[in-house]
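Chains A and C are the protein sequences, given in the same order.
Read the first sequence against our numbering and you will find it ends at 285, with the numbers running on by one and no gaps.
Read the second sequence against our numbering and you will find it ends at 601, with the numbers running on by one and no gaps.
Note that beta-carbon positions come from the ideal geometry of N, C-alpha and C, so glycine has one too.
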Amino acid sequence: MHTSNPDPICQETVAIEEHVLLARDTYRLRLPCPSIAAKILPGQFLMLRLPGTNDPLLGRPLALYDTYRAASGQPQGVDIVYQAIGRMTRRLAGIKVGDRLEVWGPLGNGFPPTETGHLIMVAGGIGQTPFLALARHYLGLGEYGQPPLVVPRAQRVTLCYGLRTAAFMAGVDDFRRLGVDVSISTDDGSAGHRGTVIELVPPLVDASSCACRIVTCGPEKMLHATSDMAARMGLSCQVSLERPMACGIGICFSCVKKIRDPQGEWDYRRICVEGPIFNAADVEF
Amino acid sequence: MSSPKANSIVNLVDVDLAVNLGRLRLACPVLVASGTFGYAREMAGLVDLGRLGGILPKTITQNPRPGNPPPRTYETSSGMLNSIGLDNDGIESFITHSLTYLAGLGTKIIVSIAGKSQQEFVDMAARLDGLPGVDALELNISCPNVSGGVDFGTDPAMCEAVVAGVCKACSVPVITKLTPNVTDVARIARAAEAGGCDAISLINTCLGMAINWRRQRSLLGRMMGGLSGPAIKPIALRAVFQAAQSVRIPIVGIGGIATIDDVMDFLVVGATAVQIGTANFYNPTASIQLLDALPAALRELGAASVSQVVGTLIVE
Numbered sequence: 001m002h003t004s005n006p007d008p009i010c011q012e013t014v015a016i017e018e019h020v021l022l023a024r025d026t027y028r029l030r031l032p033c034p035s036i037a038a039k040i041l042p043g044q045f046l047m048l049r050l051p052g053t054n055d056p057l058l059g060r061p062l063a064l065y066d067t068y069r070a071a072s073g074q075p076q077g078v079d080i081v082y083q084a085i086g087r088m089t090r091r092l093a094g095i096k097v098g099d100r101l102e103v104w105g106p107l108g109n110g111f112p113p114t115e116t117g118h119l120i121m122v123a124g125g126i127g128q129t130p131f132l133a134l135a136r137h138y139l140g141l142g143e144y145g146q147p148p149l150v151v152p153r154a155q156r157v158t159l160c161y162g163l164r165t166a167a168f169m170a171g172v173d174d175f176r177r178l179g180v181d182v183s184i185s186t187d188d189g190s191a192g193h194r195g196t197v198i199e200l201v202p203p204l205v206d207a208s209s210c211a212c213r214i215v216t217c218g219p220e221k222m223l224h225a226t227s228d229m230a231a232r233m234g235l236s237c238q239v240s241l242e243r244p245m246a247c248g249i250g251i252c253f254s255c256v257k258k259i260r261d262p263q264g265e266w267d268y269r270r271i272c273v274e275g276p277i278f279n280a281a282d283v284e285f
Numbered sequence: 286m287s288s289p290k291a292n293s294i295v296n297l298v299d300v301d302l303a304v305n306l307g308r309l310r311l312a313c314p315v316l317v318a319s320g321t322f323g324y325a326r327e328m329a330g331l332v333d334l335g336r337l338g339g340i341l342p343k344t345i346t347q348n349p350r351p352g353n354p355p356p357r358t359y360e361t362s363s364g365m366l367n368s369i370g371l372d373n374d375g376i377e378s379f380i381t382h383s384l385t386y387l388a389g390l391g392t393k394i395i396v397s398i399a400g401k402s403q404q405e406f407v408d409m410a411a412r413l414d415g416l417p418g419v420d421a422l423e424l425n426i427s428c429p430n431v432s433g434g435v436d437f438g439t440d441p442a443m444c445e446a447v448v449a450g451v452c453k454a455c456s457v458p459v460i461t462k463l464t465p466n467v468t469d470v471a472r473i474a475r476a477a478e479a480g481g482c483d484a485i486s487l488i489n490t491c492l493g494m495a496i497n498w499r500r501q502r503s504l505l506g507r508m509m510g511g512l513s514g515p516a517i518k519p520i521a522l523r524a525v526f527q528a529a530q531s532v533r534i535p536i537v538g539i540g541g542i543a544t545i546d547d548v549m550d551f552l553v554v555g556a557t558a559v560q561i562g563t564a565n566f567y568n569p570t571a572s573i574q575l576l577d578a579l580p581a582a583l584r585e586l587g588a589a590s591v592s593q594v595v596g597t598l599i600v601e
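Printed below as a string of structure tokens:
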């Protein structure tokens with residue numbers, strides 16, 4: 001339950017290098033933090049905090065979108081994509097290139113290396129953010145971790161991306177550039193399939209010639225439905241969970257979720273240090 | 286001849302940071318508060334744990350407790366509410382999985398315990414007494430998120446009885462942690478002193494609420510929670526001052542400490558040591574930063590030791 005030799009976590013104050021509007025209320029932040037970038041794995045996250053204020057007081061957990069590298073190949077920093085919806089992220093939307101942010105990470109556990117034929121990434125809302133680096137990793141187009149974590153190559157990677165409306169669609173080109181197939185669904189039919197993102201998955205699985213594996217991130221109801229669907233279809237499924245966190249490092253015991261052990265008994269587990277990636281079958285939704 | 290800068294470095298090295306909490310001697314007065322530092326392992330990648338004056342692991346109970354349903358925390362202006370509910374795996378799991386690790390950190394380990402009854406407090410104290418890694422006990426008689434425990438913190442007679450019972454059952458120093466959610470904190474402080482503890486620590490969190498009026502529901506899994514963070518510092522400072530005026534035993538100040546000025550405020554009103562709590566959440570290296578800043582702040586008051594500033598508030 002307790003890890004014996006925790007990896008060093010870097011805490012630093014960095015000056016924002018880029019801050020770009022990607023879609024409605026949705027921004028990409030570029031943070032120069034080479035020591036974090038060198039170690040971070042797809043699925044891990046960072047805590048970001050506005051310096052010099054006690055309101056908001058706490059940091060916010062945000063998933064790694066991707067790392068960026070110098071021409072030499074050296075990791076330079078990380079990109080974070082967020083939606084300005086809460087107290088802290090609305091403030092964050094107003095900060096400028098050159099402004100400073102407190103950051104600590106890498107935090108949590110990355111996606112475990114898993115034999116994958118067809119990787120189907122099911123995202124809802126802003127839940128696409130942990131998947132760009134994951135796709136790059138499984139397509140063999142980027143290295144992550146120190147030493148680099150080796151993952152088996154996937155034959156195919158698809159992003160199923162569900163949104164309320166097309167205006168929130170963020171980063172789709174980033175995925176397509178890697179060679180990821182992107183399927184969109186919207187509640188209002190303003191882009192792609194009109195309906196839920198879950199409905200995009202079964203036809204993909206049926207048409208797939210290799211073993212499918214599902215990873216999913218987004219609103220909890222969607223995770224639950226994806227998890228149920230994966231179970232019905234007999235597919236391996238991992239969820240990336242999200243909860244408000246005070247610390248991101250395992251000391252506050254806020255971000256708990258009921259997780260089942262092999263005996264089927266549940267206990268509250270800290271998403272930050274024991275997740276955020278869990279086997280869908282173990283999560284008590 | 287040395288430059289003024291070199292001189293000041295020599296001076297800072299000469300500042301004596303050691304303090305005594307009754308029989309418990311600490312290398313420095315900066316501790317980390319129970320429930321805000323996990324079981325210390327979580328912080329090993331960030332904090333040089335051996336430099337801390339002491340570590341208070343998350344409160345343990347006799348039996349495992351799953352804790353309260355989420356949401357367990359809610360951010361407020363300059364603070365946060367929590368209703369964690371003493372989520373822990375119980376005393377035996379703590380002894381098996383955490384104590385050996387804690388014993389090897391090179392700092393004082395003050396084990397925080399909470400019982401539902403006086404007998405549970407006494408049994409836990411007896412079980413921990415003498416185990417390597419148990420340098421002292423802190424009695425959490427002040428957690429607002431569980432029923433039972435807080436009665437010991439609000440009823441002076443029950444407070445004195447439980448402290449006396451624990452002190453009789455163990456040989457290690459005992460610190461009693463008090464709640465601010467009482468009419469007269471000095472009275473409870475005197476009761477704890479009469480029970481025979483080495484020191485008192487205060488404050489635990491202030492009972493509070495947050496709701497969503499549109500949904501007409503609490504924003505916490507349980508209706509109420511404990512408020513912590515910079516928002517409660519004035520309450521904590523007042524409580525420490527009142528306690529310091531009322532007892533002879535040393536006091537450990539807790540409540541919203543995040544800057545070196547906060548640390549100094551608490552020392553000057555009468556705390557012999559301080560615990561850093563919520564600041565660990567939003568600045569994981571806060572404790573070490575404050576420790577680094579302490580010698581220069583003490584020097585500003587012309588002090589060569591922590592004890593020279595403790596309780597030096599001028600009351601006119």
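{"query": "Contact with chain C by residue 63 (chain A), beta-carbon distance below 8 Å", "result": "no"}
{"query": "Cβ of residue 322 (chain C) within 8 Å of any chain A Cβ", "result": "yes"}
{"query": "Cβ-based contacts, 9 Å cut-off: residues of the region 548-573 of chain C near chain A", "result": "563, 565, 566, 567, 568, 569 and 570"}
{"query": "Option nearest residue 411 (chain C) by Cα separation, candidates C:464, C:332, C:458 and C:499", "result": "C:458"}
{"query": "Option in C:414, C:483, C:508 and C:365 with minimal Cα separation from residue 308 (chain C)", "result": "C:483"}
{"query": "Check whether residue 375 (chain C) and residue 346 (chain C) have beta carbons under 8 Å apart", "result": "yes"}
{"query": "Positions along the region 26-55 of chain A whose CB lies within less than 8 Å of some CB in chain C", "result": "49, 54 and 55"}
{"query": "4-residue-minimum alpha helix (DSSP H) runs that sit fully inside the region 470-513 of chain C, ordered along the chain", "result": "470-480"}
{"query": "Cut-off 7 Å between Cβ atoms - residues of its own chain near residue 351 (chain C), not counting five sequence neighbours on either side", "result": "372"}
{"query": "Minimum Cβ-Cβ distance from residue 246 (chain A) to chain C less than 8 Å", "result": "yes"}
{"query": "Beta-carbon separation (whole angstroms), residue 185 (chain A) vs residue 196 (chain A), contact threshold 8 Å", "result": "6 Å"}
{"query": "Status (buried if at least 16 other CB within 10 Å, exposed otherwise) for residue 355 (chain C)", "result": "buried"}
{"query": "Residue 465 (chain C) - containing beta strand (DSSP E), residue span", "result": "Segment: none, residue 465 (chain C) is in no beta strand (DSSP E) and carries neither H nor E."}
{"query": "Cβ-based burial, residue 288 (chain C) [other Cβ within 10 Å; buried from 16]", "result": "Bear in mind that the predicted position of residue 288 (chain C) carries a pLDDT of just 43, short of 50, making it unreliable; the figure below should be weighed with that in mind. The residue in question, residue 288 (chain C), is exposed, as its Cβ has fewer than 16 Cβ neighbours within 10 Å."}
{"query": "Cβ-based burial, residue 52 (chain A) [other Cβ within 10 Å; buried from 16]", "result": "exposed"}
{"query": "Same chain, Cβ closer than 8 Å to residue 193 (chain A), five either side skipped, listed in chain order", "result": "183, 184, 185, 186, 199 and 200"}
{"query": "Beta-carbon proximity check, residue 339 (chain C) vs residue 316 (chain C), cutoff 8 Å", "result": "yes"}
{"query": "Nearest-angstrom Cα separation, counted from residue 535 (chain C) out to residue 419 (chain C)", "result": "20 Å"}
{"query": "Residues bridged to residue 178 (chain A) (per DSSP)", "result": "Its beta-bridge partners do not exist; DSSP assigns none."}
{"query": "Other residues of its chain near residue 527 (chain C): CB distance less than 6 Å, five sequence neighbours each side excluded", "result": "470 and 471"}
{"query": "Cβ distance (whole Å) where residue 46 (chain A) is taken to contact residue 78 (chain A) below 8 Å", "result": "7 Å"}
{"query": "Amino acids of chain A, ordered along the chain, whose beta-carbon sits closer than 9 Å to that of residue 331 (chain C)", "result": "6, 8, 9, 10, 11, 104 and 249"}
{"query": "Under 7 Å from the C-beta of residue 268 (chain A): neighbouring residues of chain E", "result": "Looking at the structure shown, chain E is missing, and the protein chains on hand are A and C."}
{"query": "is_contact[residue 363 (chain C), chain A] using C-beta, thresh 8 Å", "result": "yes"}
{"query": "Within 7 Å of chain C by C-beta, residues of the region 208-229 of chain A in sequence order", "result": "none"}
{"query": "Reduced DSSP category for residue 128 (chain A) - H, G, I as helix; E, B as strand; rest coil", "result": "coil"}
{"query": "Sequence-distant residues of the same chain with beta carbon closer than 8 Å to residue 507 (chain C), five excluded per side", "result": "353, 354, 368, 370 and 430"}
{"query": "Entirely enclosed alpha helix (DSSP H) segments - the region 191-218 of chain A, minimum 4 residues", "result": "201-207"}
{"query": "Span separating the alpha-carbon of residue 162 (chain A) from that of residue 140 (chain A)", "result": "26 Å"}
{"query": "Contact with chain A by residue 357 (chain C), beta-carbon distance below 8 Å", "result": "yes"}
{"query": "Those residues which DSSP pairs with residue 79 (chain A) across a bridge", "result": "A:30 and A:66"}
{"query": "Short Cβ contact (8 Å threshold) for residue 109 (chain A) with residue 43 (chain A)", "result": "yes"}
{"query": "Residue 158 (chain A) versus residue 224 (chain A) - alpha carbon distance", "result": "20 Å"}
{"query": "Beta-ladder partner(s) of residue 14 (chain A), from DSSP", "result": "A:101"}
{"query": "Chain-ordered neighbours of residue 369 (chain C) on chain A, where CB pairs are closer than 8 Å", "result": "252, 253 and 254"}
{"query": "Min CB distance residue 338 (chain C) to chain A below 8 Å", "result": "no"}
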